[in-house]
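Please read the structure below before turning to the comments.
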Amino acid sequence: MATVKDFSVEEKLSAVLELQKIDSKVDEIKTLKGELPMEVKDLEDEIEGLKTRLSNVNAEIDSISSFVQQKTDTKKDAVAQIKKLEKQQENVKNNREFEAINKEVEYQELEVQVADKHMRDAELELGGRIDVRTRTEAKINNLAEALEAKKNELEKIIAETEKEEAALTRESDKAKEHVDSRLLSAYERIRTSYSNGLAVVPIVRDSCGGCFNVIPPQRQSEIRQRKKIIVCEHCGRILVDNELNNPTEETVD
Ligand SMILES: [Zn+2]
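Structure follows, in structure tokens:
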């Protein structure tokens, strides 16, 4: 599209720099959104995992509870049996019969003791499991709240940025028309080869603003002269001097 062959190097650099600034804003929006969906997904996964854990704990609680119930019944039966045996003992005919019943009573008393021990242990375990359940439920509630907030945030960003992104994309397309076609294809090629999307960078503390390798003073002065397009010899990015990058100190957005 571009038929701007008569532009000076400085004008070409300004145009591509302008384009870079617009595209960087688009990148910023993408980054902003890019992390939220992942965070939402992570939270959903974590909640799912906790729910599985909760249902396992609930199954354990049910199983321990029914074990306790079983032992309660065993004990009740043994106690009833002891009462019955003691009644029988009152009507025994001889010592041998008395002793035989006594043995049976002792056996039933042992049953009661064992049931008591089982119940105590089970109650202890039950307490621990209920504790886990309470903590898991609380954690699920917290995460669900966080998830809700993230989801809202994401929806808000999408709603807010949709227009901005579309407007910036239009701006970018327009800015492209002012960029020298060879420079534009170089720009697009460099931009796609770096994850941060930076193809035009300023000199930052005597270094390339893209790869941070030092730029020799001679080269820096060439860049400042804006007589030819200079790319970083390390990363290939197009270099501009600070004044071109940031003409007025106040407006950096
Ligand atoms: Zn570089």
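The opening residue of the sequence shown carries number 383 in the numbering used here; numbering runs sequentially from there.
From the three backbone atoms N, C-alpha and C, an ideal C-beta is built for every residue, glycine too.
Next on the checklist: Taking the alpha carbon of residue 398 as the reference point, which residue from 596, 555 and 595 has its own alpha carbon closest?
Outcome noted: 555
Checklist entry - Would a check of beta-carbon distances place residue 501 closer than 8 angstroms to chain C? => result The structure shown has no chain C; it contains just one protein chain.
Item to check | Inter-residue Cα distance where the pair is residue 454 and residue 431 | outcome: 35 angstroms
Next on the checklist: Run through the DSSP bridge pairs and tell me what residue 599 is partnered with.
Outcome noted: Paired residue(s): none; residue 599 is not in a bridge.
Item to check | heavy atom of ligand 1 below 7 angstroms from residue 619 C-beta | outcome: yes
Checklist entry - By the 10 Å Cβ neighbour count, where 16 or more other Cβ atoms means buried, how is residue 633 classified, buried or exposed? => result With a pLDDT of only 45 at residue 633, under the threshold of 50, the placement of this residue in the model should not be trusted, and no figure is reported.
Checklist entry - Going by the beta-carbon positions, is the gap between residue 461 and residue 494 smaller than 8 angstroms? => result yes
Checklist entry - Under 8 angstroms, do residue 612 and residue 604 count as touching if we go by C-beta distance? => result yes
Checklist entry - Heavy atom of ligand 1 less than 7 angstroms from the Cβ of residue 595, yes or no? => result yes
Checklist entry - Under 7 angstroms from any heavy atom of ligand 1, does the C-beta of residue 592 make it? => result yes
Checklist entry - Smallest Cα separation from residue 595: which of 503, 492, 415 and 618? => result 618
Next on the checklist: Between which residues of its own chain and residue 641 is the CB-CB distance below 7 angstroms, once the five residues before and five after are set aside?
Outcome noted: The question about residue 641 has no answer, for the chain in this structure spans 383 to 635.
Checklist entry - Can you round the beta-carbon distance between residue 518 and residue 435 to whole angstroms, since I take them to be within the 8 angstroms contact cut? => result 6 angstroms
Checklist entry - What are the boundary residues of the alpha helix (DSSP H) that residue 584 is part of? => result Counting along the chain, residue 584 falls outside any alpha helix (DSSP H), though it belongs to the beta strand (DSSP E) covering 582-586.
Checklist entry - Cβ of residue 449 within 8 angstroms of Cβ of residue 504? => result yes
Next on the checklist: In the DSSP output, what is residue 621 paired with across the bridge?
Outcome noted: 583
Next on the checklist: Under 7 angstroms: does the beta carbon of residue 616 sit that close to some heavy atom of ligand 1?
Outcome noted: yes
Checklist entry - Would a C-beta distance cut-off of 8 angstroms place residue 463 and residue 490 closer than the cut-off? => result yes
Item to check | Sequence-distant residues of the same chain with beta carbon closer than 8 angstroms to residue 528, five excluded per side | outcome: 425
Checklist entry - In chain order, what residues of the same chain lie with their CB nearer than 7 angstroms to the CB of residue 589, ignoring the 5 residues before and after it? => result 595, 596 and 597
Item to check | Element boundaries [alpha helix (DSSP H), containing residue 636] | outcome: Absent from the structure is residue 636, since the part of the chain shown begins at 383 and ends at 635.
Next on the checklist: Between the alpha carbons of residue 606 and residue 403, how many angstroms are there, rounded?
Outcome noted: 19 angstroms
Next on the checklist: By the DSSP assignment, the alpha helix (DSSP H) with residue 417 in it spans what residues?
Outcome noted: 391-471
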